[in-house]
Amino acid sequence: MLPQPIAARLKQETDVIAERHESVSVLFADLVDFTEHAMAMPAEDLVALLDRIFTAFDHRAGTEHLEKIKTIGDAYMLAGGVPEARSGHAQAVARTALGMREDVASIASATGQTWLALRIGIDTGPAVGGVIGRSKFSYDLWGDTVNTASRMQAHALPGQIHITARLAAALGDGFVIRPRGRTTVKSKGVMDTFLLEAERHGVLGDTRASQPWRG
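Written as structure tokens, this is what we have:
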């Protein structure tokens, strides 16, 4: 999958497309223990469930003008601030994360798959974006921000949106955030991390995240 601006450039350029972005927000989401439960599901039911969940996530990303980067199995990655710089990407990704959590809870209730739970990790900072491949193109992101967002997801408990201190600072007073405490993170050492709980609608006046998508 390619962002529209990148696809347009590929039609005109033959050089490697790679750019450094000074400020992006990266989200990783994972369906907890999905593989274990998937083994007991008929193939059609498994694909239908994943399609329903990821379609809801795609809708969230599109509403906030974020870029879906890729899916790997039951994991989902998106980013804000790429491939073109924009303001407010941290807030947009935070709203999307809250909405994704609501979507999974709603789908779990509607389908009777009560084991469904999502864990999310987010970080904000610089990253490199570019296109790899020759016959089949893929747009991806690399760098410490990407790795740290992935680590936040890996250390989250079911239902948690686990964020870094720099994302918490970028969000400001518009969201309810509480300290998680000091977390030992692979390749990073001990970090002060936080949990994103909700949006303060009185501050931002935006109720999108609290509305489960009906697909």
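Here the sequence shown is numbered in my numbering, starting from 55 and rising by one per residue. C-beta atoms are modelled at their ideal positions from N, C-alpha and C, and glycine is treated no differently.
CB of residue i within 9 Å of CB of residue j, strictly
| i | j | result |
| --- | --- | --- |
| Gly213 | Arg254 | no |
| Met206 | Ile176 | yes |
| Gln145 | Leu249 | no |
| Leu172 | Asp105 | no |
| Ala143 | Thr109 | For the sequence presented, residue 143 should be read as His rather than Ala. No; because the gap between Cβ atoms is not below 9 Å, this pair is not in contact. |
| Leu221 | Ser79 | yes |
| Val147 | Ile107 | no |
| Thr150 | Leu103 | no |
| His209 | Thr247 | yes |
| Lys122 | Ala115 | yes |
| Thr184 | Ile71 | The amino acid at residue 184 is misidentified as Thr; the sequence shows Gly. Cβ distance < 9 Å, so Gly184 and Ile71 count as in contact. |
| Leu195 | Ala133 | yes |
| Ala203 | Leu100 | no |
| Glu73 | Val230 | no |
Identified DSSP bridge partners for residue i
| i | result |
| --- | --- |
| Phe82 | Met131 and Gly175 |
| Val182 | Arg74 and Trp196 |
| Ala252 | Val230 |
| Ile274 | Residue coverage of the chain in this structure runs from 55 to 269, which leaves residue 274 outside it and unanswerable. |
Three-way DSSP call (helix, strand, coil) for residue i in this model
| i | result |
| --- | --- |
| Gln218 | A quick correction: the sequence has Thr, not Gln, at residue 218. Of the three classes helix, strand and coil, the one that applies to Thr218 here is strand, per DSSP. |
| Ser160 | helix |
| Arg114 | helix |
| Gly228 | helix |
| Glu121 | strand |
| Met245 | strand |
| Gly142 | coil |
| Thr237 | strand |
Candidates the options, of which the one nearest residue i by Cα
| i | options | result |
| --- | --- | --- |
| Phe88 | Thr202, Ala148 and Ala162 | Ala162 |
| Val86 | Ala97, Gly184, Ile215 and Pro59 | Ile215 |
| Ser241 | Thr199, Arg234 and Ala223 | Thr199 |
| Gly127 | Glu90, His75, Gly166 and Val244 | Glu90 |
| Trp169 | Glu251, Ala252, Phe82 and Ala94 | Ala94 |
| Ser141 | Ser204, Glu118 and Val230 | Glu118 |
| Asp227 | Ala252, Ala181 and Ser204 | Ala252 |
| Glu138 | Met131, Pro59, Lys124 and Ser192 | Pro59 |
| Thr238 | Arg232, Thr218 and Phe229 | Thr218 |
| Phe111 | Ala92, Arg188, Glu98 and Met131 | Met131 |
| Thr125 | Pro180, Ser192 and Arg188 | Ser192 |
For residue j and residue i, believed in contact at Cβ under 8 Å, the rounded distance
| i | j | result |
| --- | --- | --- |
| Arg236 | Val244 | 5 Å |
| His75 | Gly135 | 6 Å |
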